[in-house]
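Asks: Quick one: this structure, given as structure tokens, is what I'll be asking you about.
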Amino acid sequence: MLPLCCAAASPDRTGLLKRFLRYAALNTASDAASKIRPTTEGQTRFARLLVDELHEFGLTDAKVNQQGYVYATLPASRGFGEKALPVPGFIAHLDTVGLLGKSPVKPVVHRKYAGGDLVLPGDRSQVVSPKEHERLAAKKGSDIVTSDGRTVLGADDKAGIAEIMTAIDLLTNDSLFPHGPVKIAFTPDEETGCGMDAFDGKKWGADFAYTVDGEQLGELNDETFNATSAYVTFTGRNCHPGSAKGVMVNSLYAAAKFLAGLPKTQRPEAVAGRKGYQHPHNIVGEEESATVQLILRDFTLPGIQARQKLLRDLATRTAKSFPGIECKVRIEESYRNMKQAIEPYPFLIALAAEAMRMAGITPVKRPIRGGTDGARLSFKGIPCPNLFSGAENVHSRTEWVAVDDMAKSVETILNIIRLWPSRAVRK
270 MLPLCCAAAS
280 PDRTGLLKRF
290 LRYAALNTAS
300 DAASKIRPTT
310 EGQTRFARLL
320 VDELHEFGLT
330 DAKVNQQGYV
340 YATLPASRGF
350 GEKALPVPGF
360 IAHLDTVGLL
370 GKSPVKPVVH
380 RKYAGGDLVL
390 PGDRSQVVSP
400 KEHERLAAKK
410 GSDIVTSDGR
420 TVLGADDKAG
430 IAEIMTAIDL
440 LTNDSLFPHG
450 PVKIAFTPDE
460 ETGCGMDAFD
470 GKKWGADFAY
480 TVDGEQLGEL
490 NDETFNATSA
500 YVTFTGRNCH
510 PGSAKGVMVN
520 SLYAAAKFLA
530 GLPKTQRPEA
540 VAGRKGYQHP
550 HNIVGEEESA
560 TVQLILRDFT
570 LPGIQARQKL
580 LRDLATRTAK
590 SFPGIECKVR
600 IEESYRNMKQ
610 AIEPYPFLIA
620 LAAEAMRMAG
630 ITPVKRPIRG
640 GTDGARLSFK
650 GIPCPNLFSG
660 AENVHSRTEW
670 VAVDDMAKSV
680 ETILNIIRLW
690 PSRAVRK
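Numbering (my numbering), first residue to last: 270 to 696.
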């Protein structure tokens, strides 16, 4: 049994890599256009595979429900006793970003990276270069995993799943240290923003949780954007173009002017750090009606409210400049900045940072320029910061992950579980 001051042993990298490669080869891309849950059959197959593995580990209550959520409990170790402690949980998501189509995912292992460019064999125009990916240069000697260049790798978030599964496997096969019960959950359709839609936190049973969905080694997040989706619809009048004079009012021109009026300095490609943005990502329409779909992001509530007002005001001005055009703006909340829900429980961040330092990692605390399942879960009553998985350049065909970083994630998870009884504070 390890004394509390010592870090958990490093996991077997060969076994961790094999597990990740097996998961990554599955196409589990989600589909934002689908109305069923989960949105793709690949996620269901993956969920069932994980439940089978959890059963093999001895987690007898592991199951996947009709919506594709996997729930499981690692029981307390023998001799741990009945202690009035809050229960921790770990979460990762089953789906990958929908940049796959029906293409098979072919992970490629670049053994003992020696530096320089990694040319991906399935599409040699896809190159992972330390000139563009600065952190890659620090990974010399580590095995690097990429796709073959024709798809994303899916380390977001299959690296997180492999790391959680490896940690649980180690705890069920070796008496590393005494621990209380630990809850595990794998969620579908996170990439479409629906990962928490049908999540049953009460049934799951965790009091606090961590998502393992961050990127660089040591990343620790307790803050996300406030996020909303906006739908701006311009409605005109259509008729045959041969007899359109004085009759047709083409909504597409209004939509085009609206897009041109969005501030160039507030586009995603123009901002970084703590600056938010508004981002048009789709337009659907014809002469009669055109809808511009946007996402709005800001770290503060006044900031997101100002972006919503900017959108409404611009839409109104645009409609007035086209006689006969009507305009409607619909705004829906996606998630809120999770800092508000996590801040009352500082031990969550302090414990995770201590767990990382025990693994020889310097914590990198920063806000997420995006969201996680944990952002929504935090406002469902289960405060949920985010931990690194090691995935880099996610949502891209040049996505990559270093196996050494994945191993450090496993160590961090194990250290959190070991420290939990002496650090956790009840709500």
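For every residue, glycine included, the Cβ atom is placed at its ideal position computed from N, Cα and C.
Quick caveat: nothing in here was measured; it's all calculated off a predicted structure.
For the candidate residues ASN551, SER558 and ALA496, whose alpha-carbon lies nearest to that of ARG638?
Replies: As a working mapping, residue 638 is identified with position 369 in the sequence shown. If we check each option's Cα against that of ARG638, ALA496 comes out closest.
Asks: Output the distance between the C-alpha atoms of ALA676 and THR297, rounded to the nearest integer angstrom.
Replies: Here residue 676 refers to the residue found at position 407 of the sequence shown. Here residue 297 refers to the residue found at position 28 of the sequence shown. Near 23 Å, if we compare the C-alpha coordinates of THR297 and ALA676.
Asks: Quick one: grab the DSSP three-state call for TYR340.
Replies: In the sequence shown, counting from the first residue as 1, residue 340 sits at position 71. Note: TYR340 maps to strand in three-state DSSP.
Asks: Determine, using beta carbons only, whether SER665 and GLY640 come nearer to each other than 8 Å.
Replies: Within the sequence shown, the letter at position 396 stands for residue 665. Within the sequence shown, the letter at position 371 stands for residue 640. For SER665 and GLY640, no; Cβs fall outside 8 Å.
Asks: Given a threshold of 16 other Cβ atoms within 10 Å of its Cβ, counted over all protein chains shown, does LEU570 qualify as buried or as exposed?
Replies: For the purposes of this step, residue 570 is taken as the residue at position 301 of the sequence shown. Exposed.
Asks: Which runs of the alpha helix (DSSP H), 4 residues or longer, sit entirely within the segment 440 to 499?
Replies: With a minimum length of 4 residues, the continuous alpha helix (DSSP H) runs that stay inside the segment 440 to 499 are 470 to 473.
Asks: Using 10 angstroms around the beta-carbon of MET270, count the other beta-carbons present and answer buried if the total reaches 16, otherwise exposed.
Replies: As a working note, residue 270 is residue 1 in the sequence shown. With a pLDDT of 49 at MET270, under the threshold of 50, the modelled position of that residue is not reliable, and the figure given next carries that caveat. Exposed, by the Cβ-count rule.
Asks: Count the C-beta pairs between the segment 574 to 591 and the segment 617 to 633 that are closer than 8 Å, then say yes if the count reaches three, no if not.
Replies: Judged by Cβ distances under 8 Å, the segment 574 to 591 makes no contact with the segment 617 to 633, as fewer than three pairs qualify.
Asks: DSSP beta-bridge partners for THR504?
Replies: Taking the sequence shown and counting its residues from 1, the one referred to as residue 504 is at position 235. Answer is SER558 and GLU595.
Asks: Alpha helix (DSSP H) containing LEU688: first to last residue?
Replies: Taking the sequence shown and counting its residues from 1, the one referred to as residue 688 is at position 419. It spans 672 to 692 - the alpha helix (DSSP H) in which LEU688 sits, taken as one unbroken run.
Asks: Looking at the secondary structure, which residues open and close the beta strand (DSSP E) in which VAL414 lies?
Replies: What you label residue 414 is simply residue 145 of the sequence shown in a count that begins at 1. Looking at the DSSP string, the run of the beta strand (DSSP E) that includes VAL414 is 413 to 415.
Asks: In its own chain, which residues sit with a C-beta less than 6 Å from the C-beta of THR493, not counting the 5 before and 5 after it?
Replies: Here residue 493 corresponds to residue number 224 of the sequence shown, with the count starting at 1. Closer than 6 Å at the Cβ level, and outside the excluded window around THR493, lie ASN606, MET607, ILE637, GLY640 and ALA644.
Asks: Per DSSP, which residues does PRO549 bridge with? Please list them.
Replies: To locate residue 549, count along the sequence shown from 1; it is residue 280. For PRO549, which the question treats as bridged, DSSP gives the partners LEU563.
Asks: Quick check on PHE359: does DSSP put it in helix, strand or coil?
Replies: By one-based count along the sequence shown, residue 359 stands at place 90. Strand.
Asks: Report yes or no: do the segment 546 to 558 and the segment 511 to 531 share at least 3 C-beta pairs separated by less than 8 Å?
Replies: Verdict: yes, contact present.
Asks: Using a Cβ distance threshold of 8 Å, determine whether the segment 384 to 393 contacts the segment 464 to 476, with at least three qualifying pairs required.
Replies: No, the segment 384 to 393 does not touch the segment 464 to 476.
Asks: Give me the residue from ALA424, THR365, HIS402 and PHE326 with the minimum Cα distance to ILE453.
Replies: Along the sequence shown, one-based indexing puts residue 453 at 184. Residue PHE326 is the option with its Cα nearest to ILE453.
Asks: Do PHE455 and HIS324 have their C-beta atoms within less than 8 Å of each other?
Replies: Locating residue 455 in the sequence shown gives position 186, counting from the first residue. Locating residue 324 in the sequence shown gives position 55, counting from the first residue. For PHE455 and HIS324, no; Cβs fall outside 8 Å.
Asks: Quick check on DSSP: helix, strand or coil for THR585?
Replies: Here residue 585 corresponds to residue number 316 of the sequence shown, with the count starting at 1. Here THR585 sits in helix by DSSP.
Asks: Short check: CB of THR587 to CB of GLN395, under 8 Å?
Replies: Residue 587 sits at position 318 when you count from the first residue of the sequence shown. Residue 395 sits at position 126 when you count from the first residue of the sequence shown. No; because the gap between Cβ atoms is not below 8 Å, this pair is not in contact.
Asks: Out of LYS381, SER658, GLN562 and ALA621, point me to the one whose CA is closest to ASP698's CA.
Replies: Residue 698 lies beyond the range of the chain shown here (270 to 696); nothing can be said about it.
Asks: Can you name the start and end residues of the alpha helix (DSSP H) that HIS509 belongs to?
Replies: In the sequence shown, residue 509 corresponds to position 240, counting from 1. Looking at the DSSP string, HIS509 is not in any alpha helix (DSSP H), and its letter there is neither H nor E.
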